[in-house]
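Chemist: In the UniProt record's numbering, the protein residues as written are 1 to 416.
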Amino acid sequence: MSEQEGAPSEDRRKYEFQKVIEDLKEYTGSGTQLVTIYIPPDKQISDVVAHVTQEHSEASNIKSKQTRTNVQDALKSIKDRLRYYDTFPPDNGLVVFSGAVDSGGGRTDMVTEVLESPPQPIESFRYHCDAAFLTEPLEEMLGDKGLYGLIVLDRREANVGWLKGKRIEAVKSASSLVPGKQRKGGQSAQRFARLRLEAIDNFYQEVAEMANDLFVAKRHELDGILVGGPSPTKDEFLDGDYLHHELQDSVLGKFDVSYTDESGLKELVDRAQDALAEADLMDDKADMEEFFQELNGGDLATYGFEPTRRNLIMGSVETLLISEDLRKDVVTYECPNDHEERELVAQRSDTPEHECSECGEPAEAAQRDDAIDHLMEIADQRGTDTHFISTDFEKGEQLLTAFGGIAGLLRYGTGV
């Protein structure tokens, strides 16, 4: 599904966040003078301004004049930026980074970055002052993948919840009326066994109803369902087809867990790590399988920067495949005879000299862009989906090492 015209794709937004984080991690300050503030979406901006004002006042007690000045300048810059916002931050919150960063030769530069609406909601307010910006919470958000349904049950109780990225949310629970194995006096063994089986069946139906209520509405967004419990119980529950048929087809696996309360949900996720890792890579693997099939026996694949770019401009690329580990810039050169050529170079490297391949004249660097941004901008304009491919499996690694980290699945063959 392509994005609405003019709106950046989710993959592009995440990549832009990733770039900013990588830049922020490169910065260092002398002493604890780099300020980071995480602002949740329900935190009033006026409360944040009051907190920053208080920190500015307390910073006057810092002994080092340079550190004191730098911290107060950073806090003033943050207050100036916060004036642009109304009562509350944007959706998912706001992260502000500000401070005097080392620029070499004993000099510093004041840097202020504001990140709006991160990939996951910011859960709590956090003020941090150190020699480096605090980026770990954002990195964890970007690493969070997937939406999974969780079910843990035995014959006494059950819990149902979500795994959203790395966050486990317990949502619903139930306790059973299943009697123990010892029957009361006066009951025949057959009658007791029948009543017990009926109680088990009723409890399984209650657990399935909880799961169906929670998961069915999200079934098209679900990446899978994990079921945990002691061996007989989870097997009976799944084999009895109690779940909605579409949910039943989404079960990734069943796992032995010792607990079926909320802590059992965490134990289930821990036990299912291999299955979750495999599920995270399923879409990437499917993309690369299709790419290699077309490469070896079809004509609906392209790779390399320039061929992929040309196909993007023609509108022939259905899916743009980019390695997660690609970090390149593209330099556009123009020669005196109006020829235009492009060359990929490592990020943070000097721009190399270039000779026009058509006329041999020296070419001037007219523009330098992030290679991924360059391609994704064209992809967004042409209604092309962009998929970032992990290097955590063989063919994903090959995309980076053998094909330059850039490829495309085509809508129609072009011969390019």
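All C-beta atoms, glycine included, are put in the ideal place defined by N, C-alpha and C. Given the structure is predicted, the values throughout are model-derived calculations rather than measurements.
Going by C-alpha to C-alpha distance, which of Val269, Ala275, Glu116 and Ala170 sits closest to Ile39?
Modeler: It is Glu116 whose Cα lies nearest to the Cα of Ile39.
Chemist: Do Asp385 and Thr308 have their C-beta atoms closer together than 8 Å?
Modeler: Going by C-beta atoms, Asp385 is not nearer than 8 Å to Thr308.
Chemist: Can you list, in chain order, the residues of its chain with a C-beta nearer than 8 Å to that of Pro118? Leave out the 5 residues immediately preceding and following it.
Modeler: For Pro118, where only same-chain residues beyond five positions count, the Cβ hits under 8 Å are Phe17, Asn92, Gly93, Val95, Leu138 and Met141.
Chemist: Using CA coordinates, which residue listed in Glu355, Asp256 and Met282 is at the minimum distance from Ala272?
Modeler: The residue with the shortest Cα to Cα distance from Ala272 is Asp256.
Chemist: For Leu375 versus Ala301, is the C-beta spacing smaller than 8 Å?
Modeler: In this structure, Ala301 does not lie closer than 8 Å to Leu375 by Cβ.
Chemist: Mapping the DSSP letters down to three states, classify Asn159 as helix, strand or coil.
Modeler: Residue state, collapsed to three classes: strand.
Chemist: Are the region 97 to 104 and the region 11 to 30 touching by the rule of at least three beta carbon pairs closer than 8 Å?
Modeler: Touching, yes, given that three or more Cβ pairs across the two stretches are closer than 8 Å.
Chemist: Is it right to say Asn61 is buried, meaning 16 or more other beta carbons lie within 10 angstroms of its own, or is it exposed?
Modeler: Classification for Asn61: exposed.
Chemist: Would you check whether the ligand ZN has a heavy atom nearer than 7 Å to the C-beta of Gln293?
Modeler: Ligands displayed in this structure: none; no statement on the ligand ZN is therefore possible.
Chemist: Quick one: what's got a C-beta closer than 8 Å to Glu353's C-beta in the same chain, skipping five residues either side?
Modeler: Result list for Glu353: Pro362, in chain order.
Chemist: Whose C-beta lies closer than 8 Å to the C-beta of Ile168 among residues of the same chain, with five residues either side of it excluded?
Modeler: Only Leu150, Gly161, Trp162, Leu265, Lys266 and Val269 meet the Cβ criterion.
Chemist: Roughly how many angstroms lie between the CA atoms of His128 and Asp73, to the nearest whole one?
Modeler: If I take the Cα positions, the gap works out to 15 Å.
Chemist: What's the gap between the Cα of Ser231 and the Cα of Asp80?
Modeler: Taking the straight line joining both Cα atoms gives about 60 Å.
Chemist: Does the Cβ of Ala407 have 16 or more other Cβ atoms within 10 Å, making it buried, or fewer, making it exposed?
Modeler: It is buried - the Cβ of Ala407 has at least 16 other Cβ atoms within 10 Å.
Chemist: Can you name the residues that DSSP bridges to Ser323?
Modeler: Ile389.
Chemist: What separation, rounded to the nearest whole angstrom, lies between the Cα atoms of Lys76 and His56?
Modeler: Each residue's Cα considered, the two are about 8 Å apart.
Chemist: Taking 8 Å as the threshold, find out whether the region 329 to 337 comes into contact with the region 292 to 300 through three or more Cβ pairs.
Modeler: Short answer: they don't touch.
Chemist: Give me the Cα-Cα distance between Glu209 and Phe203, rounded to the nearest whole angstrom.
Modeler: If I take the Cα positions, the gap works out to 10 Å.
Chemist: What is the DSSP secondary structure of Pro307, reduced to helix, strand or coil?
Modeler: Residue state, collapsed to three classes: helix.
Chemist: Taking DSSP as the reference, what is the three-state secondary structure of Glu377?
Modeler: Glu377 falls in the helix class under three-state DSSP.
Chemist: Closer than 7 Å by C-beta to Gly31: which residues in its own chain qualify, once you throw out the five before and the five after it? Chain order, please.
Modeler: Within the same chain, Gly31 has close Cβ partners Ser64, Thr67 and Ala131.
Chemist: Alpha carbon to alpha carbon, what distance is there between Gln120 and Gln4?
Modeler: The predicted model places Gln4 with a pLDDT of 45, which falls under 50 and marks its position as unreliable; any figure quoted below should be read in that light. Rounded to the nearest angstrom, the two C-alpha atoms are 21 Å apart.
Chemist: What number of angstroms, rounded off, separates the C-alpha of Gln398 from the C-alpha of Ile21?
Modeler: Rounded to the nearest angstrom, the two C-alpha atoms are 26 Å apart.
Chemist: For Tyr242, which residues from the same chain have a beta carbon less than 8 Å from its beta carbon, with the 5 sequence-adjacent residues on both sides left out?
Modeler: The answer, listed in chain order, is Tyr204, Gln205, Val207 and Ala208.
Chemist: Could you pull out every unbroken beta strand (DSSP E) segment of at least 3 residues lying fully inside the region 170 to 246, listed in chain order?
Modeler: You should have 224 to 229.
Chemist: Measuring only the C-alpha atoms, how far is His244 from Gly405?
Modeler: About 41 Å.
Chemist: Can you tell me whether Tyr148 is buried or exposed? The criterion is at least 16 other CB atoms within 10 Å of its CB, across all chains shown.
Modeler: With 16 or more other Cβ atoms within 10 Å, it is buried.
Chemist: From the DSSP output, in three-state form, read off Arg13 for me.
Modeler: In this structure, Arg13 counts as helix in the three-state DSSP scheme.
Chemist: Answer with buried or exposed for Met288, where buried requires no fewer than 16 other C-beta atoms within 10 angstroms of its C-beta.
Modeler: So Met288 ends up on the buried side.
Chemist: Would you call Tyr15 buried or exposed, if buried means 16 or more other Cβ atoms sit within 10 Å of its Cβ?
Modeler: By the neighbour-count rule (16 or more Cβ atoms within 10 Å), Tyr15 is buried.
Chemist: Taking only three categories from DSSP, how would you classify Ala59?
Modeler: Helix, per DSSP.
Chemist: Based on DSSP bridge pairs, tell me the residues matched to Gln44.
Modeler: Paired residues: none, contrary to the question.
Chemist: Tell me whether the beta-carbon of Asp280 lies closer than 8 Å to the beta-carbon of Gly146.
Modeler: Their beta carbons are under 8 Å apart, which means Asp280 touches Gly146 by this criterion.
Chemist: Are Leu214 and Val171 touching if we call contact CB-CB under 8 Å?
Modeler: Result yes, Cβ atoms of Leu214 and Val171 sit closer than 8 Å.
Chemist: Could you pull the start and end residues of the beta strand (DSSP E) that Gln367 belongs to?
Modeler: Note, Gln367: beta strand (DSSP E), Pro362 to Asp370.
Chemist: State buried or exposed for Thr135, treating a residue as buried only when at least 16 other CB atoms are found within 10 Å of its CB.
Modeler: It is buried - the Cβ of Thr135 has at least 16 other Cβ atoms within 10 Å.
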